[in-house]
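Residue numbers (my numbering): 21 to 157.
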């Protein structure tokens with residue numbers, strides 16, 4: 021699932037998303053199952069906005085489960101991540117210019133599975149927001 025460039029109001033529900041081989045499409049590597057991003061140099065007007073991924077399984081053998089870059093208002097709720105731990109760097113890699121990511125009731129997602137980059141806002145796995153200066157307790 022790759023969403024880019026002014027994509028908004030998307031709901032993905034009740035499915036299994038799979039990437040087992042770090043897919044390359046049109047010369048671009050997609051090292052994750054889910055990628056949300058906007059083109060370089062076109063921030064903030066082309067953010068991916070208002071995306072909900074819920075009641076689903078994200079499965080694969082790739083670098084990240086989800087790579088979230090340049091987005092606003094993404095909810096990941098009741099998603100099971102199914103990855104061989106030796107093949108995956110982070111289940112969620114959210115490293116730049118992301119805002120309002122809500123991670124809620126994801127059964128096997130721990131704080132250590134989520135990378136936290138600059139200028140982002142993140143949440144506790146069971147709900148509630150935190151910013152980049154906060155920590156999981």
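All C-beta atoms, glycine included, are put in the ideal place defined by N, C-alpha and C.
Which residues bound the beta strand (DSSP E) around residue 56? 52 to 57
Between the alpha carbons of residue 123 and residue 82, how many angstroms are there, rounded? 21 Å
Return the CA-CA distance between residue 29 and residue 68, expressed in angstroms with no decimal places. 9 Å
Starting from residue 90, follow the beta strand (DSSP E) in both directions and report where the run begins and ends. 84 to 102
Rounded distance between the beta-carbons of residue 112 and residue 135, thought under 8 Å: 7 Å
Per DSSP, what kind of secondary structure is residue 135 in: helix, strand or coil? strand
With DSSP collapsed to three states, give me the class of residue 29. strand
Residues that DSSP places opposite residue 76 in a beta bridge: 99
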